[in-house]
Amino acid sequence: MKNTTPETTEEKPLEQVEREVRGRLEEWLTRTPYSFNPEASVVKTIIRGIAIRKIKAGDEYCPCRVLSGDLLEDSKVVCPCVYSKDEIENDGICLCHLFVGPNYKSG
Ligand code: SF4
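Taken in order, the sequence shown gives residues 12 to 118; the numbers are from my numbering.
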C-alpha cells in the first residue's frame, strides 16, 4: 500500500521541497565565497529543477546533468555538485548558472 504520511518526500508539495532545497543551499552558501545568481528567475527555475529531481529521482540532483543510474557516480552531482568549485573558479558560474563567484558580472 502506498505510504500517504505527509512526512514522506513523495507526498510533499513541490513548493515545500523547493523551500527546503533553497534553505539548504542558502546555508551552504554561508560557508563559501559564492552567491546565488543575481537573476532571481534563474535561481527559481534551477531550484525547482532540483526539487523535481528530489521528488522523482530521490535526491537533490543537478537538473542540468544526465544521471547514470549508478548511485555512487550520481552522488557527485547532488547539488552543489563536485564540479561546481572548478566551474565557478574557471567560468565564474556553475553549469546550471545557479551559483556565481565573487567576481561574476552578469550580461
Ligand atoms: S551545476 Fe550548479 S546547480 Fe548543478 S549541481 Fe552543480 S552547483 Fe548545483
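Beta carbons are placed, not taken as given, at the ideal position from N, Cα and C, and that holds for glycine.
Just so you know, these numbers come straight off a predicted model, no measurement behind them.
- Using a cutoff of 7 angstroms, the CB of SER95 counts as near ligand 1, since one of the ligand's heavy atoms is closer than that.
- For ILE63, the shortest separation between its Cβ and any heavy atom of ligand 1 does not lie below 7 angstroms.
- Exclusion of VAL53 from the 7 angstroms shell around ligand 1 follows from its C-beta lying no nearer than that to any non-hydrogen atom of the ligand.
- Across the set GLU71, GLY80 and LEU109, the C-alpha of LEU109 shows the shortest separation from the C-alpha of PHE47.
- Residue pairing by DSSP places VAL89 opposite TYR72 in a beta bridge.
- With a cutoff of 8 angstroms on beta-carbon distance, TYR45 and VAL89 are scored as not near each other.
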